[in-house]
Every structure is written in C-alpha cells, then in structure tokens.
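S.K.: Here it is, the structure, as structure tokens.
There are 2 protein chains.
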Amino acid sequence: MSEYIDQNRDSVSVGVVKKKVFTFAAPPDEMMLESGAKLGPITIAYETYGKLNADKSNVILVAHALTGDAHVAGYYSEDDTKPGWWDIMVGPGKGIDTDKYFIICSNILGSCMGTTGPSSINPDTGKPYGLKFPVVTIGDMVNVQKALVDHLGIEKILSVIGGSVGGMQVLEWCIRYPDMVVSGIPLATTMRHSALAIAFNEVARQSIVADPNWNNGDYYSGEKPALGLSVARMIGHITYLSDESMRMKFGRRLQDKEVFSFNFDADFQVESYLRHQGAKFVERFDANSFLYITKAADYFDLQQQYGGTSVAAFSKTKAKFLVASFTSDWLYPTYQSKKMVKAMKKNGLDVSFCEIDAEWGHDAFLLPSERLTKLQKGFLERVYNER
Amino acid sequence: MSEYIDQNRDSVSVGVVKKKVFTFAAPPDEMMLESGAKLGPITIAYETYGKLNADKSNVILVAHALTGDAHVAGYYSEDDTKPGWWDIMVGPGKGIDTDKYFIICSNILGSCMGTTGPSSINPDTGKPYGLKFPVVTIGDMVNVQKALVDHLGIEKILSVIGGSVGGMQVLEWCIRYPDMVVSGIPLATTMRHSALAIAFNEVARQSIVADPNWNNGDYYSGEKPALGLSVARMIGHITYLSDESMRMKFGRRLQDKEVFSFNFDADFQVESYLRHQGAKFVERFDANSFLYITKAADYFDLQQQYGGTSVAAFSKTKAKFLVASFTSDWLYPTYQSKKMVKAMKKNGLDVSFCEIDAEWGHDAFLLPSERLTKLQKGFLERVYNER
C-alpha cells in the first residue's frame, strides 16, 4: 500500500487496511498442542502491509503482546481515528518500512480478536469453549502462525519481531524453525517467566476467578466478569509502568479536586487513570482469553523446554538477533535480556544488544523511541542486504 | 519482665504478655479528626514490655505497619507457639532491649485488632460502623497514641520506632510532638506516598470493592468479602517481596507436581504461596480496615501537610533520627529515604542514615538482620546516654 497521509490523523500511515482470516486444522486434521490436546478447526485473524517481493525475501512477522491484535498499523476506514497498535513503527519509511517489507501480523491463539480462543464456538457443543478450551503455550501460538505463513506460500522470514509476550514468540520461532527465520528482534522480553512475573499474572487471574460472574468460565450468555477483569487489567497496568514514569505522569496530583475527599472515591489522578484503564479494557477483551494467555506466558521457559540450559536452548538456532531491553522495565528487566544475549553468543550467533534508556517502564517498547526505530531499521537493512 | 527461655519456642523472649485496652474520647468529648469529623469513644489496644524506670526516661513506642497489631513480642500463653510480629527485635538483650527500655505498642486507629475501626460498634446505631467510620489519617493514628501515652503518665518518649506505615507514624510523632520525642527510627518508609504505592493500594481496594460480599462495607452480619480481600493481600505480598527474593524463594519451582497441569490450578510454588497468604489473611483481617489504612497511607504527604516542602516539614522537629532503607525495597525505595535524610539535615538535625543490603524487598525490615539490630541498639544506647 502506498504512502498515505491523512491530515486529520496527522501521520504517515499505511492507510486503510483489512483484517483477513484463514481457517485450518478442521477435524479430523486437528492441530496437536503441546499439552497433548487436539484443537480444530482453528481460525487465525491476520493483516498484511506492504508488498511481497518477487523472491519472497522481504517478509517480516510481527508478533503482538498479551492483549494486542493483528492490527499493527493503519486504519480500518477513512473515518477511523485510531491507528493500529504499532503504527508509529510500522509504515512507509518507518522503523519497519512498509515500502520495503511485506509485514504480517496475526492475532495469537487463545486471544479474542479473531483468532480461535476460549470465546470461540466449540464445534462439539455449538457454544463458546470457555474452560473447555485447551491450555495453549507460546509454542502453540507460533505453530499456528507457521500454518498461516505456509498457507501464504512463504518459506523464509526475514525477521520475526515482537515485544513482551510477542518477544517470547520471536524466540520460539527462531528455535522451532531455524531454517526459516533469518533474524529475530525480541524486545523487552525474557527467556523464562520469572517468579515475579508469574506472581502478577496469578493475582490478576485470581481477581477474574473471584468474580462470581466469571462462573467457572461460562459467562458468554450472561453478565461478564467485568469487575474482576478490570482489577486484573489495573494490576497489569502497574507492571507496564515504572516508579519514575508514574511519578512523572501522575505524581500525587488530585483528580478534579483541590482537597482530599475523605471517602473512597478516586482522589488521585493515578487512581482515576487505573479505574479508567480497567473499565475500558473490559469492553474489548475477554476474561478467559486473559487467563489463557497469561498462563501461556507463565509456562514460557526456553531453558526448561530445550535442553535444560539457556545455552542449549539456542543450539539449533541460526537467526541473527537484535535484542533490546529498557532501563525502567522491571517486569522483564535488562539482566534477563543480557542472559539471553549471553546464551545466544555462546552459540556463536550474530547478536546485537541494546539497553535503551527509557523511563516508561515495560510499556517503553510500544512508545515512540528514535533509538529503537533507528536500531530496528538499521538491523533490518543489514539482514536484508546480507540475505 | 525478666528473661524467659522456652525450649519449645527456642528463643529468648519477653515471655507471656497481655493485651490491654484504654478507652477515651467518650461523647461529648469526641476526638476531632483531621477530616473535621468527630470520633468517640475510642478504644486503643496496647501492650507493654519491660519496666518504666524511675524518671520515666526509657520509653520506646513501637508503631506497627499496615496489618500489624499491638503484639510486638512474646506469647499470649505458655502454650502459644506464635510470638509477636517483631519478637526477633524486641526482647531481653535484643535490638530493642526489654531489660533496659519500657516499650509500648498499640494497634492503630482504623484497624481491627482491638483498637476502634470500621468493624467496631458505632454507638449511634449499635451496629458495626462499616463505611460510616470516618476516613482517618496517619496523624489521627498518632493523636490516638498520644492520648494513650498521656494516660500512662509519660511525658517524654526516648524513641518512636516503626517500619513502612509504622515509619510514617514515627515521622508524624516527631513533627507533631517535637518536645516529647527524643528520637525517631523510621524504617523502610517515605515522607510522601508515591504514585506507584498509591496505585498498588488502589488496585487492592478495587479488588475488595469488586467483591459483591463487600456490600458497600456492610457485611458484618453476612458473608465476608473474602475473595476480594484475598486478592488485595496477594497484591500487597508481591510489593513486600522483590524480583530477587522471589527468584530465590520460589524461582520457577512447581508445587507438588513434576509437569505443568495444563489447567488453572496453581502450578508454581509462587502461585500456591500467594493463594495461601491470601486465604490466611482473610481469617485475621477486616476488609474495611484494609480500605481505611491504605487510604491513610495514600494521604500521607508531610511536604503537602507541613509547609509545602520537605525541608519545612521538619522545621520544628527536634528529634535525633536513625533512618534505614533496604536495597531491594521497591515500594519505598532508598531514594525516598535519602530525600528524607536531606530534609532533616537541612534543618540541622542529628541524623544517621543507613541503606541496608537486603534481598528481601520491603519485608526486609521485619526479618532478622544483624545490621539493623546493631544499628538500633547502638542508636538507642546513644540517645539514652545523651538524654
């Protein structure tokens, strides 16, 4: 899609894009999951940007994080004012340049944005799966993406790029399909989910499960567990920010008042912000999907899964890597990226690493960063030229 | 009380102690709160250890944290196996030596461990206050303690000591009653509650409020909001630990299993631990008290309350200070203690500061630390000798 500038939207963009779907693994050819369970049919929602070149050597796969979707860039209509979640990075001339590359992003397995998940219809019952949906892993998500890529007739991926849970998918891609992936850019992520990260996910899950409307996952025909999911999102939001960013963004400023209320209203802007984030989230996200995807993240442990050490995990990988962490990210702190880089290097892999100075916490990978833009752009050019 | 060694309990202890109560502010002499509301009668539960000396110069006031109580040290009976919450620090020959000092600890206003709070009977209705209980502040808590100290005929306090929310009380004491307090030991605390700390408290409160059993605070004759309070406690627990301490304590170890369950049971030890902590907490603590005390902590801001700057806040204080922070405490990080120390020093106060190397996060102030024990012991000896 050619360059598109909309003055109202005030940004260079890929313009109007469309969500597509691909369905596979229909019975009796269900997909085998890592748990041993079978799942099918599976629908995968995806979007593409830019043009596939003649030798199909310009393919980039973007993997989204926990609550993201396939809509990385552009708008769904001329009137749409909300761009895709990484529009600042993906577009004409941007860090991931749609003038040069063919970019694919798909919604992850277990989510609720078009790809099969717990809110999808269970063909066995004609009703939403709920907790009958099998627990999936990051590896399962990647295998579903692989089916899509195969379907699109693509044999080589120039780069798999993603942050957070998206970064986990990047790592799985590079390990599972070493002959297919030329490079990977795992951002703000980890090789193994830490006890701290598991703890936050577990508390968020418990908050959902504690909501009587959750009803053991069976709520699609009634009231949704909105309050529980809202608290879960609030917990998540704290972990995406940082002490410093919250001090700068909110400090102790009061919300629409001059003095304390001396009741349990939201006195502080930070309270008001969190309540708003929680309330907004329940309109767009499914509580069960939140349970499944956080569980997949908690299970993520390359070391345990591939040979017992982090070095062994990367032993079959051939990809070149650009690894980036962010100084104020305390969910997946820099030391975890450094450990990853060390394991890659011990395998003789071509690895660039950068710790980006950023005060915005884990969220930093999604925010405008000239540094990250330049790093990705340069890295992609290099791997494209070296291909 | 003389030295007491119980072989079963395997520790030097103050031995068997008793909780006492003092009631004051009966109508029409209610206490005026900072909010402008009046409250009375007020009962304060307290314990004392050691002996008051002839010139009443050996009084130490220990202030407890969020969910603590008056039971700092010793046991309630010969068979009791659970010592007070700071028994490692308070006892014969210990950091706060009951052979030398007369120690008082009282349960804070708004709590549920014997001092008047939202679960107490509202004399106007004959039923528990619930949300009719006025929102209280750290200053109000200190004023209630002052009434107790007056009642005990004590005019001078050698030291006020406390960590976390207890540390806030220490600071309020030194500012409010400069002629009464010889020294203060604020541990793992802050002069003003940060946006991050408010955020965690707010999410915990929202978790309680989301529980339908909470019923707008009116649940004392029915089901308690156990699930909501449990999640609130789990959130708190994460903030008391640290990335490092959780990695050491739990890592990614599984609980009673060898492989993942592929369901939503607690797979990891850290999940199991948090669930256990949550469940245990609801047996001993009142959900409304949790709301009130966290709100008091969120309101805590010496700078805003006393003259607009942190330096102004300490301008009337005469106390000598020992300030201690802990390296892995990310709830009240060291930079906040340093700012406090700077403000004290700018007022020409006698301040000792120590950042204690500890991996256990915010909780470190409650855990055995030879460093902290020696520091407190030495500091108390000095201020006692210099009195």
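Chains V and Z are the protein sequences, given in the same order. 919 is the number of the first residue of the first sequence in the numbering used here; add one for each residue after it. 919 is the number of the first residue of the second sequence in the numbering used here; add one for each residue after it. Note that CB positions come from ideal geometry on N, CA and C, so glycine has one too. What you are looking at is a predicted structure, and each value in this text was computed from that prediction instead of being measured.
When you check each C-beta in the segment 1112 to 1124 of chain Z against every C-beta of chain V, which residues fall closer than 8 Å?
M.R.: Result list: Ser1112, Ala1113, Leu1114, Ile1116, Ala1117, Phe1118, Glu1120, Val1121, Arg1123 and Gln1124.
S.K.: Going by other Cβ atoms of all chains shown within 10 Å of its Cβ, with 16 needed for buried, is Ser920/Z buried or exposed?
M.R.: In the second sequence, counting from the first residue as 1, residue 920/Z sits at position 2. Residue confidence for Ser920/Z is low, a pLDDT of 34 falling below 50, so the modelled location carries little weight; the figure read from the coordinates is stated next. Looking at its Cβ environment, which holds fewer than 16 other Cβ atoms inside 10 Å, Ser920/Z is exposed.
S.K.: Determine whether the Cβ of Val1149/V lies closer than 7 Å to any Cβ atom of chain Z.
M.R.: For the purposes of this step, residue 1149/V is taken as the residue at position 231 of the first sequence. Yes, Val1149/V lies at the interface with chain Z (some Cβ there is under 7 Å from its Cβ).
S.K.: Within this structure, are the beta carbons of Ile1006/Z and Gly968/Z separated by less than 7 Å?
M.R.: Looking up residue 1006/Z in the second sequence gives position 88. Looking up residue 968/Z in the second sequence gives position 50. No, these two residues do not count as a Cβ contact at 7 Å.
S.K.: Return no unless some Cβ of chain V is closer than 7 Å to the Cβ of Leu1172/Z.
M.R.: On the second sequence, position 254 is the one that residue 1172/Z refers to. Judged by the 7 Å Cβ criterion, Leu1172/Z is not in contact with chain V.
S.K.: For Phe1168/V and chain Z, any beta-carbon pair shorter than 7 Å?
M.R.: Against the first sequence, residue 1168/V aligns to sequence position 250. So, interface residue.
S.K.: Answer with yes or no whether the minimum CB distance from Leu984/V to chain Z is below 7 Å.
M.R.: By one-based count along the first sequence, residue 984/V stands at place 66. No - not a single Cβ of chain Z is within 7 Å of the one on Leu984/V.
S.K.: Tell me whether Ser1243/V sits in a helix, a strand or coil according to DSSP, three-state version.
M.R.: Taking the first sequence and counting its residues from 1, the one referred to as residue 1243/V is at position 325. Ser1243/V falls in the strand class under three-state DSSP.
S.K.: Which residue comes first and which comes last in the beta strand (DSSP E) that contains Lys938/Z?
M.R.: The sequence position of residue 938/Z within the second sequence is 20, counting from 1. Note, Lys938/Z: beta strand (DSSP E), Lys938 to Phe942.
S.K.: If you check the beta carbons only, do Gln1187/V and Arg1171/V fall under 7 Å apart?
M.R.: Reading the first sequence from its first residue, position 269 is the one you call residue 1187/V. Reading the first sequence from its first residue, position 253 is the one you call residue 1171/V. It is a contact, given that the beta carbons lie within the stated cut-off.
S.K.: Leaving aside the five residues before and after Leu970/Z along the sequence, list all residues of the same chain whose C-beta is less than 6 Å from its C-beta, in chain order.
M.R.: By one-based count along the second sequence, residue 970/Z stands at place 52. Counting only Cβ-Cβ distances below 6 Å, and skipping sequence neighbours, we find Phe1020.
S.K.: Around the C-beta of Asp997/Z, are 16 or more other C-beta atoms found within 10 angstroms, so that it is buried, or is it exposed?
M.R.: By one-based count along the second sequence, residue 997/Z stands at place 79. Answer is exposed; the Cβ neighbour count stays below 16.
S.K.: Thinking C-alpha only, which one of Met1109/Z, Val1121/Z, Tyr1302/Z and Val1099/Z is nearest Gly1081/Z?
M.R.: Taking the second sequence and counting its residues from 1, one reaches residue 1081/Z at position 163. Nearest of Met1109/Z, Val1121/Z, Tyr1302/Z and Val1099/Z to Gly1081/Z, Cα basis: Met1109/Z.
S.K.: From this set, Glu1162/V, Leu1267/V and Gln1087/V, which residue's C-alpha is nearest Ser1246/V's C-alpha?
M.R.: What you label residue 1246/V is simply residue 328 of the first sequence in a count that begins at 1. For the residues Glu1162/V, Leu1267/V and Gln1087/V, the minimum Cα distance to Ser1246/V belongs to Glu1162/V.
S.K.: Residues in its own chain within less than 6 Å of Trp1091/Z by CB, not counting five upstream and five downstream?
M.R.: Here residue 1091/Z corresponds to residue number 173 of the second sequence, with the count starting at 1. Once the five neighbours on either side are set aside, the close Cβ partners of Trp1091/Z are Val1060, Val1078 and Val1099.
S.K.: What did DSSP end up calling Asp924/Z once you bin it into helix, strand or coil?
M.R.: Sequence index remark: in the second sequence, residue 924/Z carries index 6 (1-based). Because the pLDDT of Asp924/Z is 44, which lies under 50, any placement of that residue in the model is unreliable, and the number read from its coordinates should be weighed accordingly. Asp924/Z: strand per DSSP, three-state reduction.
S.K.: Using beta carbons (cut-off 7 Å, strictly below), is Asp1161/Z in contact with chain A?
M.R.: Protein chains V and Z are contained in the structure displayed, whereas chain A is not.
S.K.: With DSSP as the reference, please indicate the residues paired to Asn1040/Z in a beta bridge.
M.R.: To locate residue 1040/Z, count along the second sequence from 1; it is residue 122. In DSSP, Asn1040/Z forms a bridge with Lys1045/Z.
S.K.: Going by DSSP, what residue range makes up the alpha helix (DSSP H) through Cys1023/V?
M.R.: Mapped onto the first sequence, residue 1023/V falls at position 105. Element bounds for Cys1023/V: not the alpha helix (DSSP H) but the beta strand (DSSP E), Phe1020 to Ser1024.
S.K.: Please work out which residues of its chain come closer than 6 Å, Cβ to Cβ, to Ser1029/V, disregarding the five sequence neighbours upstream and downstream, and give them in chain order.
M.R.: As a first step, residue 1029/V must be located in the first sequence, where it is residue number 111. Excluding residues within five positions, the ones whose Cβ falls inside 6 Å are Gly1035 and Ser1207.
S.K.: Quick check on the DSSP output: the alpha helix (DSSP H) that includes Thr1108/Z runs from which residue to which?
M.R.: Numbered from its first residue, the second sequence carries residue 1108/Z at position 190. No alpha helix (DSSP H) holds Thr1108/Z; DSSP gives it neither H nor E.
S.K.: Indicate the three-state DSSP secondary structure (helix, strand or coil) for Tyr1253/V in the structure shown.
M.R.: Residue numbering aside, residue 1253/V sits at position 335 when the first sequence is read from its first letter. If DSSP states are grouped into helix, strand and coil, Tyr1253/V belongs with the helices.
S.K.: Take the Cβ of Thr941/Z as the centre, count every other Cβ of all protein chains shown within 10 Å, and call the residue buried at 16 or more, exposed below.
M.R.: Here residue 941/Z is taken as the residue at index 23 of the second sequence, counted from 1. By the 10 Å Cβ count, Thr941/Z comes out exposed.
S.K.: Of the choices Cys1023/V, Val1269/V and Pro959/V, whose alpha-carbon is the least far from that of Leu979/V?
M.R.: In the first sequence, residue 979/V corresponds to position 61, counting from 1. That would be Cys1023/V, whose Cα lies nearest to the Cα of Leu979/V.
S.K.: Take every Cβ of the segment 1139 to 1147 of chain V, pair it with every Cβ of the segment 1063 to 1072 of chain V, and state whether three or more of those distances are shorter than 8 Å.
M.R.: No, because fewer than three Cβ pairs between the segment 1139 to 1147 of chain V and the segment 1063 to 1072 of chain V fall closer than 8 Å, the two stretches do not touch.
S.K.: Given that Lys1213/Z touches chain V, what residues does it touch there, using C-beta distances under 8 Å?
M.R.: Translated into the one-based positions of the second sequence, residue 1213/Z becomes position 295. In chain order: Phe1182.
S.K.: Assess contact between the segment 1039 to 1053 of chain V and the segment 1008 to 1020 of chain V, defined as three or more Cβ pairs (one per stretch) separated by less than 8 Å. Is contact present?
M.R.: Counting Cβ pairs under 8 Å, fewer than three are found: no touch.
S.K.: To the nearest angstrom, how far is it from the Cα of Asp928/V to the Cα of Lys1000/V?
M.R.: Your numbering for residue 928/V matches position 10 in the first sequence. Your numbering for residue 1000/V matches position 82 in the first sequence. Bear in mind that the predicted position of Asp928/V carries a pLDDT of just 48, short of 50, making it too unreliable to give a figure here.
S.K.: Does Gly933/Z get closer than 7 Å to chain V when you measure Cβ to Cβ?
M.R.: On the second sequence, position 15 is the one that residue 933/Z refers to. For Gly933/Z, the answer is no, since every Cβ of chain V falls outside 7 Å of its Cβ.
S.K.: Please list the partners that Met1164/V has in chain Z, where partner means a Cβ-to-Cβ separation under 9 Å.
M.R.: Walking along the first sequence from the start, residue 1164/V turns up at place 246. In chain order: Ser1112, Ala1113, Leu1114, Ile1116 and Ala1117.
S.K.: Check Glu1299/V in the structure and name its three-state DSSP category.
M.R.: For the purposes of this step, residue 1299/V is taken as residue 381 along the first sequence, with counting starting at 1. Three-state DSSP puts Glu1299/V in a helix.
S.K.: Sort Ala1276/V, Gly1146/V, Asp1129/V and Val935/V by Cα distance to His989/V and report the nearest one.
M.R.: Here residue 989/V is taken as the residue at index 71 of the first sequence, counted from 1. Out of Ala1276/V, Gly1146/V, Asp1129/V and Val935/V, Val935/V has the C-alpha closest to the C-alpha of His989/V.
S.K.: In chain order, what residues of the same chain lie with their CB nearer than 7 Å to the CB of Gly1085/V, ignoring the 5 residues before and after it?
M.R.: As a working note, residue 1085/V is residue 167 in the first sequence. Cβ neighbours of Gly1085/V beyond the five flanking positions: Pro1104, Leu1105, Ala1106 and Thr1107.
S.K.: Count the C-beta pairs between the segment 1249 to 1268 of chain Z and the segment 1289 to 1296 of chain Z that are closer than 8 Å, then say yes if the count reaches three, no if not.
M.R.: The segment 1249 to 1268 of chain Z, when compared against the segment 1289 to 1296 of chain Z, does not touch it at the 8 Å Cβ threshold.
S.K.: Below 8 Å on the Cβ atoms is my guess for Gly1102/V versus Asp1129/V; work out the distance and round it to an integer in Å.
M.R.: As a position in the first sequence, residue 1102/V is number 184, starting the count at 1. As a position in the first sequence, residue 1129/V is number 211, starting the count at 1. Rounded, the Cβ-Cβ distance is 38 Å, inconsistent with contact.
S.K.: Which chain V residues sit within Cβ distance under 9 Å of Phe862/Z?
M.R.: Nothing in the structure corresponds to residue 862/Z, since chain Z is present only between 919 and 1305.
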